[in-house]
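Worksheet for the structure shown next.
Numbering (my numbering), first residue to last: 45 to 347.
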């Protein structure tokens with residue numbers, strides 16, 4: 045729809061309220077003759093009269109009444125959408141604090157770059173989130189949103205997107221019995237102790253990071269619990285246990301004292317973009333859109 049067509053519709057709506065060509069022109073800051081021109085153009089486009097005008101009164105035709113009833117809610121919805129977009133654009137300034145765990149992957153960095161190109165008045169700040177407390181920064185207001193390992197089953201948090209599906213690897217010390225293997229079956233995890241995550245991470249989330257049993261129910265030994273990824277990798281290098289990591293994180297944190305062995309038969313690791321339900325802002329929504337456009341986003345349950 046062109047700008048001229050929108051102007052015709054706006055003119056008709058105002059005229060339907062005022063039922064006076066002079067007052068309609070005053071409200072729209074145009075001449076009375078221009079009101080008549082816009083109305084004639086609209087009626088020509090529709091193919092019938094919408095307004096009856098005599099020397100004594102102006103009124104809508106029956107068709108004009110029906111047209112008004114259908115047009116008003118649609119026009120108001122369009123105006124509201126435009127106003128909301130304008131407000132959001134004005135509100136996307138200042139800074140946006142994005143939490144991350146361990147490392148920032150290429151998908152997130154592409155989203156940050158896209159977000160900052162679109163909103164040059166808003167700087168994206170990256171804030172590391174401790175492994176042991178994936179949701180605390182959101183609840184304390186230290187981050188506006190965060191990219192964390194899934195699952196996320198918190199009532200006060202919204203999962204905006206799930207992405208970066210990656211196979212899992214097992215981090216072991218260079219001297220571990222598994223270090224020479226090209227891959228492991230998930231059931232073989234029963235032969236090691238997994239380094240886990242300390243509280244306050246919820247129990248279901250800790251179990252996803254370090255499961256207590258294999259897919260077939262064989263118990264997996266429990267190693268030490270840590271608060272950060274670096275603590276966990278340090279304990280792995282010291283031979284205190286093994287640690288499950290997604291493949292990109294393993295590649296990022298590679299070092300001579302560690303070996304990363306692919307594990308088959310486990311669910312892939314995924315990341316989720318999360319924010320507090322009560323703290324959603326135009327900046328948060330704008331970054332969520334940028335993340336969706338920066339790479340593939342998977343289906344996820346509403347939260």
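Every residue, glycine too, gets a C-beta built ideally from N, C-alpha and C.
Keep in mind the model is a prediction, meaning the values are calculated, not measured.
Name the one or two DSSP bridge partners that residue i has.
| i | result |
| --- | --- |
| residue 7 | Nothing can be reported for residue 7: it is not among the residues displayed for the chain, which extend from 45 to 347. |
| residue 263 | 257 |
| residue 143 | 171 and 190 |
| residue 77 | Its beta-bridge partners do not exist; DSSP assigns none. |
| residue 317 | 191 and 205 |
| residue 166 | 138 |
| residue 287 | 215 |
| residue 23 | No answer is possible for residue 23: it lies beyond the span of the chain, which begins at 45 and ends at 347. |
Out of curiosity, what's the CA-to-CA distance linking residue i and residue j?
| i | j | result |
| --- | --- | --- |
| residue 50 | residue 319 | 38 Å |
| residue 288 | residue 117 | 54 Å |
| residue 333 | residue 90 | 38 Å |
| residue 252 | residue 290 | 12 Å |
| residue 351 | residue 61 | Nothing about residue 351 can be read from this structure; the chain reaches only from 45 to 347. |
| residue 321 | residue 249 | 19 Å |
| residue 70 | residue 76 | 8 Å |
| residue 74 | residue 54 | 12 Å |
| residue 219 | residue 283 | 8 Å |
Report yes if the C-beta distance between residue i and residue j is below 8 Å; otherwise report no.
| i | j | result |
| --- | --- | --- |
| residue 279 | residue 285 | yes |
| residue 144 | residue 340 | no |
| residue 147 | residue 160 | no |
| residue 107 | residue 79 | no |
| residue 173 | residue 187 | yes |
| residue 338 | residue 158 | yes |
| residue 230 | residue 194 | no |
| residue 266 | residue 232 | no |
| residue 86 | residue 56 | yes |
| residue 215 | residue 142 | no |
| residue 331 | residue 140 | yes |
Restricting to Cα atoms, I'd like to know which of the options is closest to residue i.
| i | options | result |
| --- | --- | --- |
| residue 222 | 119, 306 and 95 | 306 |
| residue 192 | 175, 184 and 199 | 175 |
| residue 213 | 86, 260 and 309 | 309 |
| residue 198 | 190, 327, 105 and 246 | 246 |
| residue 165 | 269, 335 and 327 | 327 |
| residue 170 | 155, 114 and 281 | 155 |
| residue 92 | 98, 100 and 83 | 83 |
Short of 7 Å in beta carbon distance, which residues of its chain neighbour residue i, apart from the five on each side in sequence? Order them along the chain.
| i | result |
| --- | --- |
| residue 180 | 244 |
| residue 255 | 264 |
| residue 104 | 60, 94, 95 and 112 |
Does residue i have its Cβ less than 8 Å from a Cβ in chain C?
| i | result |
| --- | --- |
| residue 149 | Note that chain C does not occur in the displayed structure, where there is just one protein chain. |
For residue i, I'd like the list of residues in its chain whose CB is within less than 6 Å of its CB, leaving aside the five on either flank, ordered along the chain.
| i | result |
| --- | --- |
| residue 63 | 102 |
| residue 275 | none |
Which same chain residues, not among the five before or five after residue i, have their C-beta less than 8 Å away from its C-beta?
| i | result |
| --- | --- |
| residue 345 | Residue confidence is low: residue 345 scores 42 on pLDDT, short of 50, so the model does not pin down where it sits. Its coordinate-derived value is still stated next. Contacts found: 203. |
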